[in-house]
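Counting from 1, one number per residue, gives the positions in the sequence shown under the numbering used here.
Backbone N, C-alpha and C define an ideal beta-carbon position, used for all residues, glycine too.
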Amino acid sequence: MSQSPFTSTTNGRLNLEQQRKRAKQLLLHLKHEDPNATLSQAQWQIAKALGFSSWPKLKAHIAEAGPVPFGRVFAELMAKREPLPFLGDMMFHALLRPLIDGDQPLLVETETHLEWPRRELALTPLGLEVLDANAYWPDHSSHARWIGGICIEPARAHWTVDGDAQPVWRSARE
């Protein structure tokens, strides 16, 4: 039995980011059949195909996997996801620091007495909300971020893409 391209796992372990990307891919496919299709419909189909009754139950299952060492996150990224996105482990570490060190972090690191690759990372409740598209990171961030030569600054207006893959103008946060 072949597996749908919208239901894969990483080494038998579900990954929320991967499933979110798959839901967005599926949404594009669904919109060809029904222009009124929504991201939540695509998410439900992904969850159901993986044996879950809803997207929140899939998300909860993935969250139960718990903290993962920094080094393992980097190794996964380099080996399987994007083999050339960073200039090495120190750049990866530097890019994750704003997600950890902000006033409202997306990640928390434990065992800070260890070298950083051995410290465990876990999503905060806000991190889970951002991954599930229920919160928007720049609304909570205290750090500017560069994406493709464009600076995204907290509380400043900018263009972004919504859950239906459409461009939208985000007004400045007050």
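### Query
From what residue to what residue does the alpha helix (DSSP H) around residue 22 run?
16–33 is the span of the alpha helix (DSSP H), which, as asked, contains residue 22.
### Query
residue 158 by DSSP, collapsed to three states: which one?
In the structure shown, residue 158 sits in a strand (DSSP, three-state: E or B).
### Message
Determine whether the beta carbon atoms of residue 144 and residue 157 lie at a separation below 7 Å.
### Response
No. Outside cutoff.
### Query
Using 8 Å as the Cβ pair cut-off and three pairs as the minimum, do the stretch 64–79 and the stretch 24–32 touch?
The stretch 64–79, when compared against the stretch 24–32, does not touch it at the 8 Å Cβ threshold.
### Task
Compare the C-alpha of residue 135 against each of 163, 122 and 148 and name the closest.
The option with the nearest alpha carbon to residue 135 is 163.
### Task
Could you check the C-alpha separation between residue 110 and residue 131 for me, to the nearest Å?
For the pair residue 110 and residue 131, the Cα-to-Cα distance works out to about 21 Å.
### Message
Can you look up residue 129 in the DSSP assignment and give me helix, strand or coil?
### Response
Note: residue 129 maps to helix in three-state DSSP.
### Query
In or out: residue 137 buried (at least 16 other Cβ within 10 Å) or exposed?
So residue 137 counts as buried.
### Message
Using 7 Å as the threshold, is the C-beta distance between residue 39 and residue 50 below it?
### Response
Cβ distance not < 7 Å, so residue 39 and residue 50 don't count as in contact.
### Query
How big is the Cα-Cα spacing for residue 37 and residue 22?
One C-alpha to the other measures close to 15 Å.
### Query
Can the beta-carbon of residue 124 be found closer than 7 Å to that of residue 99?
At a Cβ-Cβ threshold of 7 Å, residue 124 and residue 99 do not count as neighbours.
### Task
Please look up how many angstroms separate the CB atoms of residue 142 and residue 102, rounded, as I've assumed it's under 8 Å.
That pair is a contact at about 4 Å.
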